[in-house]
Amino acid sequence: MTEYYFLASLLPPLEIGHVPALGFPELRVLLEQNLSQGDKEKVVQFLRILDLQNLRAYWAGEPLDPRANVTTPEEMEQALLDVQWPVGEEFPDYLRDYFEKYHTNEDRLAHFPLLMGQFFAYHIEHDKRFVQDYYRFQREMRLVETGFRAKKLGKDLSYELQYEDPKDPIVAQILAQRDARTYEPPFEYKELKPIFEEFGDSPQDLHKALYEYQFAQIIELWGGELFALDRILNYMARLILVERWLELDVQKGIQVIDKIEKDVA
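FYI, the numbering for the sequence shown is 19 to 283, going by our numbering.
Written as structure tokens, this is what we have:
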């Protein structure tokens, strides 16, 4: 396992709610200059979740996340035509099967939870150490969020979790509460309940609070090795949250300014 003493020393502390001293583009440059070729490829794989989210954004006609590997509509369109990512890596079987099953953007958007579920299943099985733990955490948190949101909006939990294995412990825990008035998360996610209770009616504030929660939890997933790639990937995951939190803050500020201007007019 390669150890990156110099690179690790260049990573400034991160704090949610504060502008990072090292932005994501600068971090990518540092990684390109200092990582081994094999570890560069692991970074690309780690960011595949953003590529998948950018697929959804592409189908919905929304802006793509610039932190992903595929960052423009033109790149995404070419990847779909080539049935491979820009670096020449073929799409995995589950992604190919998804494209063969659903042909229109509308259908691909409607069944996107199926694709995310297959993505998590693949990476939890094939990845190791921090990356495996990270994707397991992301999957479980999304399921718990589904439980909270379905209860708040009066949606059918069975329908919302139709693509999940009902025998999975967290899925079973959620489905067991389909007739309950409120949702109680698993013990390990109990801290999410007061977050949804306090911010459930304010989507922006809810997202910011969830980013803060994830930030703290991802720190706990780090195994403590100071100079290993896992630490760098952990840092990258938290930097994404820091930047997304700030982006929400900017969006909220723009909305306030727009309201003031409308009131003045």
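Backbone N, C-alpha and C define an ideal beta-carbon position, used for all residues, glycine too.
Element boundaries [alpha helix (DSSP H), containing residue i]
{"i": "D183", "result": "Premise fails: D183 is in no alpha helix (DSSP H) and is neither H nor E."}
{"i": "S220", "result": "Counting along the chain, S220 falls outside any alpha helix (DSSP H), and DSSP gives it neither H nor E."}
{"i": "Q51", "result": "42 to 52"}
{"i": "T164", "result": "147 to 171"}
{"i": "I142", "result": "130 to 144"}
{"i": "D174", "result": "First-last for D174: undefined, no H or E at that position."}
{"i": "N72", "result": "66 to 78"}
{"i": "E95", "result": "91 to 100"}
{"i": "Y201", "result": "Note, Y201: premise wrong, no alpha helix (DSSP H); not H, not E."}
Which listed residue (the options) has its alpha carbon closest to that of residue i
{"i": "W103", "options": "E80, L73, Q51", "result": "L73"}
{"i": "I188", "options": "L29, P203, R66", "result": "P203"}
{"i": "L25", "options": "D267, I250, L266", "result": "I250"}
{"i": "N87", "options": "D69, G165, G56", "result": "D69"}
{"i": "F64", "options": "W263, E44, R262, Y253", "result": "Y253"}
{"i": "F155", "options": "W240, V105, D100, I213", "result": "W240"}
{"i": "F130", "options": "L259, K173, V101, E182", "result": "E182"}
{"i": "L28", "options": "G35, L40, L82", "result": "L40"}
{"i": "L224", "options": "A78, K60, R262", "result": "R262"}
{"i": "Y229", "options": "L210, A246, D186", "result": "L210"}
{"i": "L247", "options": "P31, L53, D174, E33", "result": "L53"}
Residue i to residue j span [Cα, whole Å]
{"i": "L113", "j": "I192", "result": "27 Å"}
{"i": "Y226", "j": "E265", "result": "Just to set this straight, residue 226 is Lys in the shown sequence, not Tyr. Computed Cα separation, rounded: 10 Å."}
{"i": "Q51", "j": "Q136", "result": "33 Å"}
{"i": "P43", "j": "T122", "result": "33 Å"}
{"i": "Q235", "j": "Y76", "result": "30 Å"}
{"i": "L132", "j": "I67", "result": "14 Å"}
{"i": "R157", "j": "P38", "result": "27 Å"}
{"i": "E143", "j": "L179", "result": "20 Å"}
{"i": "L45", "j": "E163", "result": "30 Å"}
{"i": "E215", "j": "A190", "result": "23 Å"}
Assigned exposure category for residue i - 16 Cβ within 10 Å defines buried
{"i": "I237", "result": "exposed"}
{"i": "Q232", "result": "buried"}
{"i": "L127", "result": "exposed"}
{"i": "D219", "result": "exposed"}
{"i": "D281", "result": "With a pLDDT of 42 at D281, under the threshold of 50, the modelled position of that residue is not reliable, and the figure given next carries that caveat. Answer is exposed; the Cβ neighbour count stays below 16."}
{"i": "V149", "result": "buried"}
{"i": "Y22", "result": "buried"}
{"i": "L257", "result": "buried"}
{"i": "H141", "result": "buried"}
{"i": "R160", "result": "exposed"}
{"i": "G165", "result": "buried"}
Counting Cβ pairs closer than 8 Å, one from the segment 158 to 177 and one from the segment 198 to 209, do we hit at least three?
-> yes
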